[in-house]
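A.B. asks: Numbering follows my numbering, with no gaps: position 15 of the sequence shown is 1.
Quick one: the structure is below, and I'll ask about it shortly.
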Amino acid sequence: MSLVQWGLDRLPGSYRDVLLRHQELLKFAAVGAATWFVDTGIVYALKLTVLQDKPLTARAFGVLIATIASYVLNREWSFSARGGRQRHHEAALFFAVSGLAIVVTLIPQAVSLYVFDIRVPRVSAPTQALANFVSGQILGVLLAMVFRFWALRRYVFPKDLREAELEIL
């Protein structure tokens, strides 16, 4: 028995039914959580070492590596019951959607740094670090997650490929 099944067996029926109805969203959220840690680890490893003065560059590298992990995990687990496209076409669509999501991820932090000017020397380094964390790691990632879930379900891993193609036309 899997850990997930063990946990589901201990929940009241009404909660279990809701979780089962939304299992794709929950799996997507779990992948998102895992890749958030990948992204965060990479961003801060780079910001504390070789990219101290380039927080957006560090963010872009973190998002890129987390996106690659996200494709593999979403393809093999979250949306494993969907698809039907040839793998190379599906991967191209995934990375196109993720490319747009990278832009979505960067927008809140760019606004924080360049519109509100929350950066050194105007503010202290801890203030900039906190603003970068909130705007990049929380707001940016949440906005991109909503966008990705919608786009992945609709375009990359459609339930029925023929229906999805008709919707696009």
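Note that CB positions come from ideal geometry on N, CA and C, so glycine has one too.
#1: Evaluate the contact criterion for the segment 19 to 31 versus the segment 113 to 133: three or more CB pairs, one atom per stretch, below 8 Å.
#2: Locate the alpha helix (DSSP H) running through Trp22, then write down its first and last residues.
#3: Within its chain, find whatever has a CB closer than 6 Å to the CB of Asn60; leave out the 5 residues flanking it on each side and keep chain order.
#4: Can you tell me the Cα-Cα spacing of Thr43 and Gln(-9), whole angstroms?
#5: Does the beta-carbon of Gly48 have 16 or more other beta-carbons within 10 angstroms, so that it is buried, or is it exposed?
#6: Buried or exposed: where does Gln123 fall if 16 or more other Cβ atoms within 10 Å of its Cβ makes it buried?
#7: Hey, quick one: how far does the alpha helix (DSSP H) through Arg73 stretch, first residue to last?
#8: Taking the alpha-carbon positions, what's the Ala55 to Ile88 distance?
C.D. replies: According to the structure shown:
#1: The segment 19 to 31 is in contact with the segment 113 to 133.
#2: For Trp22, the enclosing alpha helix (DSSP H) starts and ends at Gln9 to Lys33.
#3: If we look at Asn60 and ignore the five residues flanking it on each side, its Cβ neighbours are Val17.
#4: For the pair Thr43 and Gln(-9), the Cα-to-Cα distance works out to about 41 Å.
#5: The residue is buried, with at least 16 neighbouring Cβ atoms inside 10 Å.
#6: Gln123 sits buried, since 16 or more C-beta atoms from the chains shown fall within 10 Å of its C-beta.
#7: Run containing Arg73: Arg73 to Ala96, per the alpha helix (DSSP H) assignment.
#8: About 14 Å.
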